[in-house]
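Chemist: Keeping their order, the protein sequence lines are chains A and B.
Sequential numbering from 0 applies to the first sequence in numbering that gives the first Met the number 0.
Sequential numbering from 0 applies to the second sequence in numbering that gives the first Met the number 0.
Idealized CB from N, CA, C, for every residue including glycine.
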Amino acid sequence: MKTRYTYGGDEHIYVEVDDEMSLDAFFKSLSMSNAVRNADIKGVTEICPANASFQVRYDPDIIAPEEMMKKVQELEDKAEDADKRLKTRIIEIPVYYQDPWTHETLMRFRERHQDPSGTDLDYAARINGFDSAEAFIEAHHSQPWFVSMVGFVAGLPFLYQLVEREKQLQVPKYLRPRTDTPKLTVGYGGCFSCIYSVRGAGGYQMFGVTPMPIFDPDQKQSYLSDFMVFFKPGDIVKWKPIDRAEYDRILAEVEADTYVPRIAEVDFDLEAFNADMPGTNAKLMEALNVV
Amino acid sequence: MSFKVMQPGLSTSIQDLGRPGYFHLGIPIGGAMDRFALRVANMLVGNPEGAAGLEVVFMGPQIVFDQDALVAVTGADLPAKVDGVLQEGWTAFEVKSGQTLSFDFLKSGARAYIAISGGIDTPAALESRSTYPIGALGGIDGRNIQAGDVIPVGEADMIEPGLSVPENLRRMPGKPAELRVLPGLYWHRLTSAAQEGFFRDDWTVALEADRMGYRFKGGKPLEFVEREQPFGAGADPSNIVDGCYSYGSIQVPGGLEPIVLHRDAVSGGGYFTLGAIISADMDLIGQLQPHTQVKFRKVDMDEALQARAARKKMLAAVRAHLG
């Protein structure tokens with residue numbers, strides 16, 4: 000892991016903590032971006048953490064680019080020593096896999112896909128060595144995920160699964176991006192899962208859909224009353240497979256503004272996780288049982 | 000007071016100077032693509048420079064006022080008419096209650112800015128009235144204006160019409176348009192031949208050119224330094240582990256067609272970026288029509304900061320001129 004510092008034009012500093020994805024790189028970039036925020040540097044206007052990198056936007060009329068760069072670099076050692084523990088929350092997100100809406104969409108854009116003969120899930124299962132789409136779905140939801148970045152469009156979370164690298168699911172994006180993706184599609188690209196917060200263009204494979212809104216400018220749901228965006232980096236997600244009947248039931252609650260997601264406060268310790276992944280994950284998921 | 004939209008034009012949106020502070024959640028700064036033009040239009044009618052106005056793309060709207068107002072149109076050369084009578088660009092003119100503001104055909108540039116004394120007074124979302132349709136924020140219900148909309152305007156300090164900005168204090172792209180680039184970000188992913196080729200080749204603006212980004216075509220495909228792709232980056236050599244995008248950053252998916260991200264940028268993604276358009280030239284992009292010839296010119300940080308200072312000086316000169 001070698002940190003690389005560079006400029007994005009005259010208004011951004013870009014820090015790549017590592018060129019490959021890992022939880023270590025994510026923790027360090029989150030920790031460094033938090034250090035920059037806490038340093039309260041005059042002239043800084045935006046701090047954006049990403050999966051294994053982060054970006055700082057600043058006003059070069061207030062702080063010179065070289066000085067800004069120096070200040071960010073100075074914070075690296077501090078972040079290195081930072082506790083790799085996180086007080087966070089685990090959220091259960093219901094997912095209706097193989098739903099009719101993403102199915103209709105993926106059929107519509109079949110000529111842009113690597114394998115036009117099957118569905119996105121068939122393809123993902125095959126190239127990851129699973130016998131069936133169902134077995135792949137099981138691997139997708141049986142272990143929890145870290146929200147490692149929020150962005151692309153409003154409130155869209157990127158998620159990285161809490162398993163060994165050998166067990167990471169990897170699926171390429173569409174050959175050519177679609178011009179349409181249903182709202183709240185659960186997608187997959189590279190080693191990341193995501194939830195499309197809004198309807199629109201997209202290149203990730205489509206696996207299912209959640210009835211739970213995660214972005215709403217009108218903030219009608221109780222869990223969006225603080226802010227219109229639900230996720231933040233560091234959140235932990237457990238997918239819960241649901242059928243059509245449960246999807247419809249939850250949707251009715253969402254439409255009545257009464258839906259309450261299952262959320263539990265948890266502590267995440269990277270070293271404990273690296274020492275015992277199944278044990279740490281089991282404990283995280285148990286926290287949801289007492290909600 | 001208010002005005003009524005009779006015809007909306009092609010893609011007319013309410014914009015101010017945007018909503019900084021939410022890019023880490025995927026909500027871009029937004030606001031006028033040509034910020035200089037919006038600021039000047041506001042100054043001409045006596046508004047604060049950051050008041051909300053209309054950003055007009057290629058084709059003007061037709062609107063009717065329910066009270067007297069002072070109006071100025073800057074940016075693209077899109078001649079304004081009041082009840083059919085042509086008005087000067089970059090100059091404040093009066094529109095009386097009941098009169099119609101309409102537009103002639105576009106002569107040059109791509110985006111005109113309409114400022115109305117008092118400023119547009121729609122509800123702000125995250126401290127800005129700028130329209131961001133993807134997130135349904137700002138504007139009118141998060142969308143562009145449409146026929147039948149009645150758009151509220153704030154209280155105005157009425158000043159005299161006739162204020163004007165001389166030609167030397169207006170700014171439009173040259174021919175061919177030159178956009179200055181500070182190499183950086185993932186610049187090292189390109190071979191030295193590709194790095195040189197990017198700046199040597201002639202590019203033209205493609206049809207996919209909007210508030211989110213501008214696509215360019217016509218140059219040679221860019222070659223990448225060979226490497227084994229890092230874990231999580233994806234198989235294509237133009238892929239990276241999804242990271243943040245800078246405003247003005249230039250991504251080249253597959254090494255084929257560069258895309259410059261603008262005010263409504265996506266906040267991140269999985270494509271390498273070779274550097275960014277310097278802040279001083281961002282306004283110019285908003286004035287580029289499809290098929291316009293463009294040259295990218297390589298600059299260093301010193302030149303980028305000098306250009307930025309020159310922009311500030313020009314804005315100060317306009318303020319001084321208008322007193």
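Let me make sure I understand the geometry here. Which of A:P240, A:D247, A:R248 has the alpha-carbon closest to that of A:I92?
Modeler: Closest option to A:I92, Cα to Cα, is A:P240.
Chemist: Below 9 Å on C-beta distance, what does B:R169 contact in chain A?
Modeler: Going along chain A, no residue has its Cβ under 9 Å from B:R169, so there is no contact; the nearest lies around 23 Å.
Chemist: With 7 Å as the C-beta to C-beta threshold (strictly closer), list the residues of the region 121 to 153 of chain A near chain B in chain order.
Modeler: M148, V149, G150, F151, V152, A153
Chemist: May I have the straight-line CA-CA distance separating B:A303 from B:R310, to the nearest angstrom?
Modeler: 11 Å
Chemist: Does A:N288 pass the burial test, meaning 16 or more other C-beta atoms within 10 Å, or should it be called exposed?
Modeler: A:N288 is exposed by the Cβ-count criterion.
Chemist: Please confirm whether B:V293 and B:I249 have their CB atoms less than 8 Å apart.
Modeler: no
Chemist: What is the DSSP secondary structure of A:T101, counted as helix, strand or coil?
Modeler: helix
Chemist: Taking the Cβ atom as the reference point for each residue, do B:V70 and B:V55 lie within a distance shorter than 8 Å?
Modeler: no
Chemist: With three or more C-beta pairs closer than 8 Å as the rule, is the region 157 to 177 of chain A touching the region 197 to 206 of chain A?
Modeler: yes
Chemist: Would you call the region 210 to 224 of chain B and the region 240 to 254 of chain B touching, i.e. three or more CB-CB distances under 8 Å?
Modeler: Output reads yes: the region 240 to 254 of chain B touches the region 210 to 224 of chain B.
Chemist: Tell me the residue span of the alpha helix (DSSP H) that contains B:A264.
Modeler: Note, B:A264: premise wrong, no alpha helix (DSSP H); not H, not E.
Chemist: Any contact of the region 208 to 225 of chain A with the region 121 to 135 of chain A, i.e. 3+ C-beta pairs under 8 Å?
Modeler: As far as the Cβ criterion goes, the region 208 to 225 of chain A does not touch the region 121 to 135 of chain A, which means the pair count is below three.
Chemist: Check the Cβ-Cβ distances between A:G189 and every residue of chain D, and say whether any is below 8 Å.
Modeler: The structure shown has no chain D; the protein chains it does contain are A and B.
Chemist: Contact defined as beta carbons within less than 8 Å: I believe B:F198 pairs with B:R110. What is the distance between those atoms, to the nearest angstrom?
Modeler: In fact, because the Cβ distance is near 26 Å, the residues do not count as touching under 8 Å.
Chemist: Over the uninterrupted alpha helix (DSSP H) stretch that includes A:I46, give me the two end residues.
Modeler: Careful: A:I46 lies outside any alpha helix (DSSP H), inside the beta strand (DSSP E) at 43 to 48.
Chemist: Can you tell me which residues form a DSSP beta bridge with A:E264?
Modeler: A:R88.
Chemist: Which residues in chain B have a C-beta closer than 7 Å to the C-beta of A:G199? List them in chain order.
Modeler: Result: I133.
Chemist: What separation, rounded to the nearest whole angstrom, lies between the Cα atoms of A:S21 and A:P143?
Modeler: 15 Å
Chemist: Listing by chain order, which chain B residues have their CB less than 8 Å from the CB of A:M20?
Modeler: P229, F230, G231, A232, V240
Chemist: Taking only beta carbons into account, state which residues of the region 227 to 257 of chain A come closer than 9 Å to chain B, listed in chain order.
Modeler: M227, V228, F230, K231, P232
Chemist: Here's the rule I'm using: 16 or more other beta-carbon atoms within 10 Å means buried, otherwise exposed. How should B:D280 be labelled?
Modeler: buried
Chemist: Compare the C-alpha of A:R367 against each of B:Q286, B:G137, B:V152, B:S266 and name the closest.
Modeler: Look at the range of chain A in this structure, 0 to 290, and you will see that residue 367 of chain A is not part of it.
Chemist: Near A:V297, which residues of its chain fall below 6 Å by C-beta distance, leaving aside the five closest residues on each side in sequence?
Modeler: Any answer about residue 297 of chain A is impossible in this case: the structure gives chain A only from 0 up to 290.
Chemist: With a threshold of 8 Å between beta carbons, is A:G8 in contact with chain B?
Modeler: yes
Chemist: Do the CB positions of A:E15 and B:A232 come within less than 8 Å of each other?
Modeler: no
Chemist: So, for B:A399: in the same chain, excluding its five sequence neighbours on each side, which residues have a beta-carbon less than 7 Å away from its beta-carbon?
Modeler: In this structure chain B extends from 0 to 322, so residue 399 of chain B is not present and cannot be described.
Chemist: For the candidate residues B:A308, B:D103, B:S12, B:A36, whose alpha-carbon lies nearest to that of B:N143?
Modeler: B:S12
Chemist: The alpha helix (DSSP H) spanning A:A132 covers which residue range?
Modeler: 132 to 141
Chemist: According to a CB-to-CB cut-off of less than 7 Å, which residues of the region 256 to 283 of chain B neighbour chain A?
Modeler: V265, S266, G267, G268, G269, A275, I276, I277, S278
Chemist: Would DSSP call A:M148 helix, strand or coil?
Modeler: strand
Chemist: In three-state DSSP terms, what is B:L43?
Modeler: helix
Chemist: If you measure from the beta carbon of B:M313 to each beta carbon in chain A, is any gap under 8 Å?
Modeler: False, the Cβ-Cβ gap to chain A never drops below 8 Å.
Chemist: Taking any Cβ of chain A, which residues in the region 13 to 31 of chain B have a Cβ under 7 Å from it, in chain order?
Modeler: P19, G20, F22, H23, L24, G25, I26
Chemist: DSSP puts B:N238 in a beta bridge; with which residues?
Modeler: B:Y270
Chemist: For B:S1, list the residues DSSP reports as bridge partners.
Modeler: B:P151
Chemist: Would a check of beta-carbon distances place B:G324 closer than 8 Å to chain A?
Modeler: In the structure displayed, chain B extends from 0 to 322; residue 324 of chain B sits before or after that span and is not available.
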